[in-house]
Amino acid sequence: MSACIQCVGYIYFACITLSTAKGAFPFYRDSKQPGIKIVGGRETIEHRYPFVVNLRINFFGNIFHSCGASIVNEEWVVTAAHCVQNNLEGVLLEVVAGDHNLKLFEGTEQVRKITQVISHKDYNPNSAENDIALLRTHKAFVFRSEVNNLEMAPPDFETSGDVMAIGWGALFSGGKPSDTLQEVTVEVVDDLDCRRSYGDSIKDSMLCAGDKNGGRDSCQGDSGGPLVKQINDTIYLVGITSWGYGCAEPEYPGVYTEVSYFYDWITEMTQS
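Numbering follows this note's numbering, with no gaps: position 109 of the sequence shown is 157.
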């Protein structure tokens with residue numbers, strides 16, 4: 049099956065085709081399609097997650113929230129590849145770190161233009177495989193309590209149990225993004241169980257997480273944002289919000305790009 053979705057502001061157009069065991073209809077989870085905010089979650093404590101950034105598009109002065117992203121180091125952020133494909137002439141990509149409420153100027157924001165986009169060379173928009181991209185900023189972030197990076201999950205990282213999805217999602221079907229950053233705790237679903245829902249659409253480079261009974265999930269407007277796991281005092285980026293069937297549907301967890309699978313690629317690209 050396939051789905052075509054148009055961006056807020058009519059700036060770009062994207063299509064995906066994915067097959068599933070139950071004839072499901074999975075969608076990318078960016079603001080190019082209607083939906084609701086992070087489902088079953090809550091507003092975060094301000095600047096609790098200083099590594100989360102707002103990826104927005106500036107179209108001749110008209111600014112729209114597009115996706116989330118996470119800070120890798122002072123000059124690089126990581127997001128979903130589908131968030132940055134098909135940009136048209138006149139569209140500028142920007143990231144805002146230190147943001148909590150998209151509608152308010154809080155004095156902690158650091159706005160950076162994107163000067164380089166590196167999508168994974170094997171990214172497949174039809175299957176959402178290798179849905180990861182690195183964005184280089186025109187100027188380094190100044191790290192402080194409201195703006196900082198997080199650890200990338202290394203290749204041998206075993207992600208299980210509870211994890212946290214974070215992002216700005218639309219408040220209602222067809223609506224605008226949430227004004228404030230949201231978080232929700234979800235549980236990692238093993239690949240075998242996830243394939244019972246999505247069939248062979250689930251690749252080795254993907255990670256599933258949700259609530260088997262429904263009610264908790266990431267959603268549209270959250271694409272590219274982080275799925276994190278805290279171990280002691282260290283927060284690891286384990287996933288990047290990518291796609292899923294609906295939002296918070298029973299038996300249909302959210303699907304994320306598995307960061308540990310791309311650790312070496314991230315390291316190579318950001319240090320070269």
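Yeah, the Cβ is synthetic: ideal placement off N, Cα and C, and Gly gets one too.
For this session: Tell me, please, which residues DSSP counts as bridged to valine 234.
Result: Val211
Exercise. Name the DSSP beta bridge partners of threonine 127, please?
Worked result: Ala181
Exercise. If you count every other CB in all the chains shown that lies within 10 Å of the CB of glutamine 158, and 16 or more means buried, which is it?
Worked result: buried
For this session: Tell me, to the nearest whole angstrom, how far the beta carbon of glutamate 235 is from that of aspartate 210; I am working on the premise that it is less than 8 Å.
Result: 6 Å
Exercise. CB methionine 200 to CB leucine 140, shorter than 8 Å?
Worked result: no
Exercise. CB-CB under 8 Å to glutamate 177, same chain, minus the five flanking residues each way: which ones, in chain order?
Worked result: Asp170, Tyr171, Lys251, Ser253, Met254
Problem set entry | Simplified DSSP assignment, three categories, for isoleucine 314 | helix
For this session: Return the chain-ordered list of same chain residues with a C-beta closer than 8 Å to the C-beta of valine 120, the five sequence neighbours on each side being excluded.
Result: Val126, Leu182, Asn197, Met200, Ile314, Thr318
Exercise. Looking only at C-alpha atoms, which of Gly273, Gly247, Asp238, Gly272 sits nearest to aspartate 259?
Worked result: Asp238
Exercise. In three-state terms, what does DSSP make of leucine 285?
Worked result: strand
Problem set entry | Closest by C-alpha distance to asparagine 174, when choosing among Val144, Pro225, Ser290 | Ser290
For this session: Rounded to whole angstroms, what's the CA-CA distance from serine 308 to glycine 287? Just pull it up for me.
Result: 8 Å
For this session: Classify valine 165 as helix, strand or coil using the three-state DSSP reduction.
Result: strand
Exercise. Where glycine 247 and serine 208 are concerned, what is the direct C-alpha to C-alpha distance, given to the nearest angstrom?
Worked result: 21 Å
Exercise. First and last residue of the beta strand (DSSP E) that includes leucine 275?
Worked result: 274-279
For this session: Evaluate alanine 188 with the Cβ neighbour count: other Cβ atoms within 10 Å of its Cβ, from every protein chain shown; 16 or more gives buried, anything less gives exposed.
Result: exposed
Problem set entry | Span of the alpha helix (DSSP H), counted from its first residue to its last, around arginine 244 | 239-246
For this session: Measure the CB-CB distance between valine 232 and alanine 213 and report whether it falls below 8 Å.
Result: yes
Exercise. How is the beta strand (DSSP E) around isoleucine 250 delimited, first residue to last?
Worked result: Taken as a continuous stretch (DSSP letters only), isoleucine 250 belongs to no beta strand (DSSP E), as it is neither H nor E.
For this session: Indicate the three-state DSSP secondary structure (helix, strand or coil) for glutamine 133 in the structure shown.
Result: coil
Exercise. DSSP beta-bridge partners for valine 143?
Worked result: Leu103, Arg160
For this session: Name the residue from Phe310, Ser114, Val276 whose alpha carbon lies nearest to the alpha carbon of aspartate 227.
Result: Ser114
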